[in-house]
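> Position one of the sequence shown corresponds to residue 1 (the UniProt record's numbering), numbered consecutively onward. Sharing a structure, written as structure tokens. Questions coming.
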Amino acid sequence: MSTMSKFKKLAGFSAFAFAAMTAANSVNAANWRYAHEEYEGDVQDVFAYDFKEYIEDNSDHTLQIYRFGELGESDDIMEQTQAGILNFVNQSPGFTGSLIPEAQIFFIPYLMPTDMDTVIKFFRESEAINEDFPELYAQNGLELLQMYPEGEMVVTVDEPVSKPEDFNNKKIRVMTNPLLSETYSAFGATPTPLPWGEVYGALQTNMIQGQENPIFWIESGGLYEVSPNLVFTSHGWFTTAMMANKNFYDGLSDEDKKLVEDAADYAFEKIIVHIDGLAEEALEKIQKASDEVTVTRLNDEQIEAFKARAPQVEEKFIEMTGESGKELLNQFKEDLKEVQSN
1 MSTMSKFKKL
11 AGFSAFAFAA
21 MTAANSVNAA
31 NWRYAHEEYE
41 GDVQDVFAYD
51 FKEYIEDNSD
61 HTLQIYRFGE
71 LGESDDIMEQ
81 TQAGILNFVN
91 QSPGFTGSLI
101 PEAQIFFIPY
111 LMPTDMDTVI
121 KFFRESEAIN
131 EDFPELYAQN
141 GLELLQMYPE
151 GEMVVTVDEP
161 VSKPEDFNNK
171 KIRVMTNPLL
181 SETYSAFGAT
191 PTPLPWGEVY
201 GALQTNMIQG
211 QENPIFWIES
221 GGLYEVSPNL
231 VFTSHGWFTT
241 AMMANKNFYD
251 GLSDEDKKLV
261 EDAADYAFEK
271 IIVHIDGLAE
281 EALEKIQKAS
291 DEVTVTRLND
301 EQIEAFKARA
311 PQVEEKFIEM
321 TGESGKELLN
331 QFKEDLKEVQ
341 SN
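Have a look at this one:
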């Protein structure tokens with residue numbers, strides 16, 4: 001056989017092998033579905049696309065992302081994930097609290113630190129977050145892949161607030177989370193739970209009528225237009241969680257499990273860079289957009305007046321969650337002490 005004939009035969013085998021390998025990869029590749037509860041450019045959306053980037057750059061799989069409203073409300077996408085219609089979902093503990101009551105722990109005021117570096121360290125090292133929560137989620141058919149912070153909680157009101165008494169007789173729109181309602185009741189306000197999808201329209205209408213004062217997460221953008229006073233009470237960080245349908249995850253190959261875990265870690269590292277300074281950037285845009293916006297940052301003495309009301313929220317949390325919630329709260333506090341002491 002001539003050298004050219006051998007080369008053609010070898011090339012033929014190579015082409016066949018490549019085609020076979022490509023076909024096998026095509027068969028094994030999957031289009032995964034991922035839904036979150038925010039809009040384009042919001043923190044959950046950025047996280048989702050970082051996750052997608054890693055998955056698609058490191059495998060033949062593809063990832064379809066659905067933003068808020070495309071598949072329904074927060075409750076809808078969670079039900080679809082539990083049913084296996086969706087593979088991945090990103091949902092804040094504020095909404096997951098109805099399914100996993102212990103997840104509401106993030107809404108106990110003044111439990112979490114507000115210093116960025118300490119917050120990130122806590123999410124990295126906390127036993128409660130990295131060991132206890134995955135067990136709680138697994139009991140509900142979910143594989144918890146990542147919990148991460150989105151930004152400091154901020155309140156918007158129709159007039160400046162500096163003490164709990166300033167909240168008296170004020171209605172505040174909050175997400176449908178019992179413990180969050182308890183927090184603002186403790187602060188003196190009258191909270192009104194509202195599904196996230198109805199918040200923006202309701203706030204526009206109610207603020208025009210001078211009836212409502214919304215809760216505002218400054219990282220989320222847009223809501224600043226409906227209320228002129230932003231109040232930083234340093235009472236907590238808005239937290240969210242990304243998870244998978246557990247049956248789906250358990251059925252993955254070891255290689256794909258590692259791919260998913262690495263993608264979640266990659267997205268976490270990217271998002272903590274993204275949120276650093278995000279609130280200040282948003283605040284600057286808000287102040288540039290309107291000369292009427294006021295910003296109140298409570299001093300230590302003013303914060304103590306609000307902090308004094310936090311124990312009743314802790315008591316409510318334990319009442320709602322029982323012994324498991326009490327143990328989780330104790331672990332949270334131990335983890336925080338450990339993080340803050342180092």
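Positions of the beta carbon are idealized from the N, C-alpha and C atoms, including for glycine. Values in this document were obtained by computation on a predicted structure and should not be read as measured data.
#1: Kindly list the residues whose CB is nearer than 6 Å to the CB of P149, restricted to its own chain and excluding five residues on each side of it in sequence; keep chain order.
#2: In the DSSP assignment, find the unbroken alpha helix (DSSP H) run with I318 in it and report its ends.
#3: Specify, as a first and last residue, the run of the beta strand (DSSP E) that A244 falls within.
#4: Between A138 and Q80, is the Cβ-Cβ spacing less than 9 Å?
#5: Identify, in the order they occur along the chain, each residue of the same chain with its Cβ nearer than 8 Å to the Cβ of T160, setting aside the five sequence neighbours on each side.
#6: Classify E143 as buried or exposed, calling it buried when 16 or more other Cβ atoms lie within 10 Å of its own Cβ.
#7: Three-state secondary structure (DSSP) at G151?
#8: Smallest Cα separation from Q44: which of W32, F68, N31?
#9: Closer than 8 Å to a non-hydrogen atom of the ligand MN - does that hold for the CB of E269?
#10: Taking the CB atoms as reference points, tell me whether F122 and V339 lie closer together than 9 Å.
#11: Rounding to the nearest angstrom, what Cα-Cα distance links Q211 and I172 in this structure?
#12: Quick check on the DSSP output: the alpha helix (DSSP H) that includes F306 runs from which residue to which?
#13: Would you tell me roughly how many angstroms separate the C-alpha atoms of L145 and M242, rounded to the nearest one?
#14: Please list the terminal residues of the continuous beta strand (DSSP E) segment that includes F232.
#15: My guess is that D60 and N28 are in contact by the Cβ rule of under 8 Å, so how many angstroms apart are they, rounded?
#16: Identify whether L259 lies in helix, strand or coil by the three-state DSSP scheme.
#17: Spatial neighbours of A128 within its chain, please: C-beta separation below 7 Å, excluding the five flanking residues on both sides.
#18: Let me know if N25 comes out buried or exposed under the rule of 16 or more other beta-carbons within 10 Å of its beta-carbon.
#19: Is the stretch 81–97 close to the stretch 299–312, with three or more CB pairs under 8 Å?
#20: Which one of K270, Q302, L278 has the shortest CA to CA distance from A48?
#21: So what's P178 in DSSP terms, helix, strand or just coil?
#22: Counting only beta-carbon separations shorter than 9 Å, does Y49 have a partner in chain B?
#23: For N140, I'd like the list of residues in its chain whose CB is within less than 7 Å of its CB, leaving aside the five on either flank, ordered along the chain.
#24: Straight-line CA distance for F268 to D262?
#25: What would DSSP say about N87, mapped onto helix, strand or coil?
Quick look at the numbers:
#1: V119, W237, T239
#2: 310–341
#3: 237–245
#4: no
#5: Checking the sequence, you will find Pro at residue 160 rather than Thr. These residues qualify, in order along the chain: D166, N229, V231, T294, T296.
#6: buried
#7: strand
#8: F68
#9: Although the ligand MN was asked about, the structure shown includes no ligands whatsoever.
#10: yes
#11: Reliability of the predicted coordinates at Q211 is poor, the pLDDT of 40 falling under 50, and the value obtained from them is presented with this limitation in mind. When rounded, the distance between both Cα atoms is 9 Å.
#12: 300–307
#13: 6 Å
#14: 229–232
#15: 7 Å
#16: helix
#17: L328, Q331, F332, D335
#18: Since pLDDT at N25 reaches only 41, below the 50 mark, its modelled position is unreliable, and the value read off the structure follows with that caveat. That one is exposed.
#19: no
#20: K270
#21: helix
#22: Judged by its chain identifiers, the structure shown contains no chain B, having just a single protein chain.
#23: L99, I100
#24: 10 Å
#25: coil
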